[in-house]
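Student: Here you go, one structure.
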Amino acid sequence: MRSIRLPGKLAHTLSVILTFLLTLTLLLTCLTWQMHRVATNNALHEGIATDNRILALQMERIQARVEELAQEHHFHKETAMQFITTDALADYNREVTAWWMGLLSEEPEMEAPEWDVSEIEAAVREDALFQENTPANMRRSTVRDLVAYEIGLAARKAVLPVRSDILAIIMPKVLEKVDVPTLMNYLALAPKLCGGASIALALLLLLVMIRRVSKAALYIGAGMGAAALCIAGVGCVVYLLGIPGMIAEISTLLAAQVSLLTKQVALQAGLFAAVCLVVGLALIGLHQLDMRRLCRRRKVVA
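FYI, the numbering for the sequence shown is 1217 to 1518, going by our numbering.
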C-alpha cells in the first residue's frame, strides 16, 4: 500500500480554496477582457455602426426628415437624398465612432464631426421646385438655415443618438476629476494580471497535489468548469435586465446598436466560457480515468 501515496487533508483543504480563487480569477479575466474590448476596440464599434441594419434605420430616419423639409420648403427630396448614400453614411459613422472613442484619450476633441451639407445646400438652391416657390432674396438663407442645417442635424442625431453638446459639457468635468488615460491603462492590464493569476493558481494546485497529479487536474477542471458556469450566469443576468429595452425608451437607434454590441460581447465571452468548460471537463475526465486505475491497483494489492 505504500506505493499509493495520497495527499493529506490539509492539501485538499488548500486545494479547495485555490480552486475557488481560480474560478474567481478566470471570471475576472473574461469580464475585464470584455470591458477593455468595449472601451478601446475601435473596430468593434465601427463594425456595429456600419452594420447594414443600423445603416438602414439611420437612413430611414434621415429620409423621413428630408421628406418633411421637402414638403415644408418646396423642393424635390431626391435633390437632397442623392448626397445621402449608404456609403456616405457609413463613412460618417466611422468619423463619429472615432470621435466619441477619442473622448477617452489624453487630448479629446470635444466637437463632434459635422455632416458636410455644402453639396446639399448648393443642389437645393438650384432645385426648380424650390426656385419656383421661394423668392430669390430668401433662397440662400432658407436653404442654409432651414434646409441644409436641419438635414445635417438629422444626420447627426441618427448617427449619434446621445446629444454631443451634453457630452461636450460632461466630458471636461469628468476629465478634471478622473485620470481617464491612466484608468484605461489599468483596464488594459487587468485581464493580463487576472490571466496570469489563473495560471499561477493552476501551477500552485499542481504543486499542492504533487503526490497525485490527477487530483490536481480534478481541482483545476472544477475551477474552470465553475468559471464557465459563472460567466454564463452573468450573461443570463445581463440578458434578463433587458438593457436594450430600457435604452429603447430613450432612443431606438441607440438601443439597436447596444443590442448588437451585447451580442458581440456575449459571443466572445461565450467562446471563453466554452473553452474553460471543455478543458475543465477533459481534466475531470483524466481524474476519473486515474480513479479507475487506482481502484484496479488497490484490488491487485488486496
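Quick reminder that beta carbons are idealized off the backbone N, C-alpha and C, glycines included.
Could you check how far apart the C-beta atoms of TYR1497 and GLY1441 are, in whole angstroms? I think they sit under 8 Å.
Tutor: The amino acid occupying residue 1497 in the given sequence is Leu; Tyr does not appear at that position. Between GLY1441 and LEU1497 the Cβ distance is about 6 Å, and since that is below 8 Å, they are a contact.
Student: To test your reading of the DSSP string, which unbroken alpha helix (DSSP H) runs of 4 or more residues are found completely within the segment 1408 to 1475?
Tutor: Runs of the alpha helix (DSSP H) inside the segment 1408 to 1475: 1429 to 1457, 1459 to 1464.
Student: Do three or more CB pairs link the segment 1297 to 1315 to the segment 1404 to 1415 at distances below 8 Å?
Tutor: These segments do not touch.
Student: If you draw a straight line from the C-alpha of ALA1489 to the C-alpha of VAL1396, how long is it?
Tutor: The straight-line gap from Cα to Cα measures roughly 30 Å.
Student: Beta-carbon within less than 6 Å of ILE1463's beta-carbon, same chain only, minus the 5 sequence neighbours each way: which residues are those?
Tutor: Excluding sequence neighbours, ILE1463 sits near LEU1470, ALA1471, VAL1474.
Student: Do LEU1230 and VAL1424 have their C-beta atoms within less than 8 Å of each other?
Tutor: Cβ atoms of LEU1230 and VAL1424: closer than 8 Å.
Student: Okay, do the segment 1500 to 1512 and the segment 1452 to 1468 touch, 3+ Cβ pairs below 8 Å being the bar?
Tutor: Contact fails: fewer than three Cβ-Cβ distances are below 8 Å.
Student: Report buried or exposed for GLU1323, applying the criterion of at least 16 other Cβ atoms within 10 angstroms of its Cβ.
Tutor: Exposed: under 16 other Cβ atoms inside 10 Å.
Student: When we look at the beta-carbon of LEU1505 and count the other beta-carbons within 10 Å, is it buried (16 or more) or exposed?
Tutor: Burial call: exposed.
Student: From what residue to what residue does the alpha helix (DSSP H) around ASP1307 run?
Tutor: First-last of the alpha helix (DSSP H) with ASP1307: 1302 to 1318.
Student: Which of the three DSSP states is assigned to ASN1349 in this structure?
Tutor: ASN1349 falls in the helix class under three-state DSSP.
Student: Got a sec? Which residues, its chain only, sit under 8 Å from ALA1296 by beta carbon, not counting five neighbours each side?
Tutor: These residues qualify, in order along the chain: VAL1282, LEU1285, ALA1286, ILE1336, ALA1339, VAL1340, VAL1363, ILE1367.
Student: For a test of the three-state rule: what should DSSP assign to THR1266, helix, strand or coil?
Tutor: THR1266 falls in the coil class under three-state DSSP.
Student: Going by other Cβ atoms of all chains shown within 10 Å of its Cβ, with 16 needed for buried, is CYS1452 buried or exposed?
Tutor: Exposed, since its Cβ has fewer than 16 Cβ neighbours within 10 Å.
Student: Classify GLN1279 as helix, strand or coil using the three-state DSSP reduction.
Tutor: GLN1279 falls in the helix class under three-state DSSP.
Student: Where does ALA1344 fall in DSSP's three states?
Tutor: ALA1344: helix per DSSP, three-state reduction.
Student: Does the segment 1344 to 1358 come close enough to the segment 1246 to 1260 that 3 or more CB-CB pairs lie under 8 Å?
Tutor: Taking 8 Å as the limit for Cβ pairs, the verdict is that the segment 1344 to 1358 does not touch the segment 1246 to 1260.
Student: Please name the residue, chosen from ARG1277, MET1400, SER1334, that lies closest to GLY1318 on a Cα-to-Cα basis.
Tutor: The candidate whose alpha carbon is nearest that of GLY1318 is MET1400.
Student: For ARG1221, which residues of its own chain have a beta-carbon under 6 Å away from its beta-carbon, when the five flanking residues on both sides are left out?
Tutor: Summary for ARG1221: the model assigns pLDDT 48, below 50, so the residue's position carries little reliability; its value from the coordinates is reported in the next sentence. Within the same chain, ARG1221 has close Cβ partners ARG1427.
Student: Please report the distance separating the alpha-carbon of LEU1445 from that of ASP1267.
Tutor: Approximately 31 Å, taken between the alpha carbons.
Student: Tell me whether the beta-carbon of GLY1439 lies closer than 8 Å to the beta-carbon of THR1235.
Tutor: Yes, the pair counts as a contact, with Cβ atoms nearer than the cut-off.
Student: So, for ALA1418: in the same chain, excluding its five sequence neighbours on each side, which residues have a beta-carbon less than 6 Å away from its beta-carbon?
Tutor: If we look at ALA1418 and ignore the five residues flanking it on each side, its Cβ neighbours are ILE1436.
Student: Could you tell me which of ILE1447, THR1358, LEU1305, ASP1343 sits nearest to GLU1262, measuring between CA atoms?
Tutor: For the residues ILE1447, THR1358, LEU1305, ASP1343, the minimum Cα distance to GLU1262 belongs to LEU1305.
Student: Would you mind stating whether ILE1278 and ALA1406 have Cβ atoms separated by less than 8 Å?
Tutor: Against a cut-off of 8 Å, the Cβ pair of ALA1406 and ILE1278 comes out as no contact.
Student: Grab me the residues of ALA1404's own chain with a C-beta within less than 8 Å of its C-beta, minus the 5 sequence neighbours each way, in chain order.
Tutor: HIS1252, THR1256, listed in sequence order.
Student: Would you mind working out which of LEU1345, TYR1402, ILE1300 sits nearest GLU1288, comparing C-alpha positions?
Tutor: Checked all of LEU1345, TYR1402, ILE1300; the closest Cα to GLU1288 is LEU1345.
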